[in-house]
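If you count the sequence shown from 1, you need to add 6 to reach this note's numbering. As structure tokens, the structure follows; a few thoughts come after it.
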Amino acid sequence: MKLMISPAKKMEVKEDFIPWLQLPVFLERTRILMDYIRSLTLEEARTLWGCNEALASLNYRRFQEMDLENHLTPAILAYEGIQYQYMAPQVFDQGSLDYIQEHLRILSGFYGILRPMDGVAPYRLEMQAKTHFFADGKEYRELYSFWGERLCRELTADDPVVINLASKEYSKGIEPFLTPEQTMIHVVFGSLAPDSRGVLKLKTKATEAKMARGEMVRFLAETRASRPEDLKNFCRLNYHFSREMSDETHYIFLKELS
7 MKLMISPAKK
17 MEVKEDFIPW
27 LQLPVFLERT
37 RILMDYIRSL
47 TLEEARTLWG
57 CNEALASLNY
67 RRFQEMDLEN
77 HLTPAILAYE
87 GIQYQYMAPQ
97 VFDQGSLDYI
107 QEHLRILSGF
117 YGILRPMDGV
127 APYRLEMQAK
137 THFFADGKEY
147 RELYSFWGER
157 LCRELTADDP
167 VVINLASKEY
177 SKGIEPFLTP
187 EQTMIHVVFG
197 SLAPDSRGVL
207 KLKTKATEAK
217 MARGEMVRFL
227 AETRASRPED
237 LKNFCRLNYH
247 FSREMSDETH
257 YIFLKELS
């Protein structure tokens, strides 16, 4: 099975921790995006990124100085969002690092899809960004069509089972291209809370879901999980698998409220 997760906006360079092993699969398409962003003015780039002036200046400079083949950081260590903090890959033993290198893939608006030990440079580009550039003789106003079915083909090349631990923004770059022979299992973390009529409904909170996704990846790596059934043993951060609410393609984990 393959686990897919989202990237994080915050990134850092960490050249001296663990060396990267290989370059990303779709680096030539990444170059197209790099050249496009380099062609923008600072204000145009800021509009594309939807961020404040300080972040825009930082990332604009990063793109102008970017080298896609040198001074890189393993992808799994480069991202610094909540999900990655709870995953804590920097303390993985070699067995866990080998596990995620085989099973885990990171989706990316800029790189497309990444193996954990792919070398990356810090960037800012969300999959849902509203772009405007030309490539392949076509006009692209968003990244989903630019990446097309490539990401799904790469993700499922040697395994038809995908565990979806990504946000909707990123999973929608994969799901439309799955074949009937392939299976995507959506993992949902939430809690039961009454709605306005007092009926219990499943509620999810973005920050808590990111924490749980990172913890789930760490659990799967530590236990060397090999089958979807193994996910059901996850019981960290007060979550437990709900057999009543789950089905074959949706694994629901409920948080016990103290």
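A virtual CB, placed ideally from N, CA and C, is assigned to each residue, including glycine.
Around the C-beta of T79, 16 or more other C-beta atoms lie within 10 Å, and the residue is accordingly described as buried.
Judged by DSSP in its simplified three-state form, D124 adopts strand. Q89 counts as buried, since no fewer than 16 other beta carbons sit within 10 angstroms of its beta carbon.
Taking one beta carbon from each stretch, the region 57-72 and the region 179-186 have fewer than 3 pairs nearer than 8 Å; the two do not touch. Taking the Cβ atoms as the reference, G179 lies roughly 6 Å from M133, within the contact range of under 8 Å. Listed in chain order, the beta strand (DSSP E) runs fully inside the region 142-198 are 144-146, 167-171, counting runs of at least 3 residues.
Around the beta carbon of H109, a 10 Å sphere encloses 16 or more other beta carbons of the protein chains shown; the residue is thus reported as buried. One alpha carbon belongs to R242, the other to M222, and they sit about 8 Å apart. Taking a cut-off of 8 Å on C-beta distances, the region 191-207 does not touch the region 66-73, as fewer than three cross pairs fall below it. The C-beta separation of G118 from W153 comes to about 5 Å, placing the pair in contact by the 8 Å criterion. By alpha-carbon distance to A127, the top candidate from A62, L161, P30 is P30. The beta-bridge partner set that DSSP reports for L46 is empty. Secondary structure of D41 (DSSP, three-state): helix. Remark: C-beta atoms of Y92 and R230 do not approach each other more closely than 7 Å. Each residue's CA atom was taken as its position, placing E148 and A62 some 20 Å apart. Separation of R156 and L171 (C-alpha to C-alpha, rounded to the nearest whole angstrom) is 19 Å.
Put simply, the backbone Cα of F140 is about 30 Å away from that of V19.
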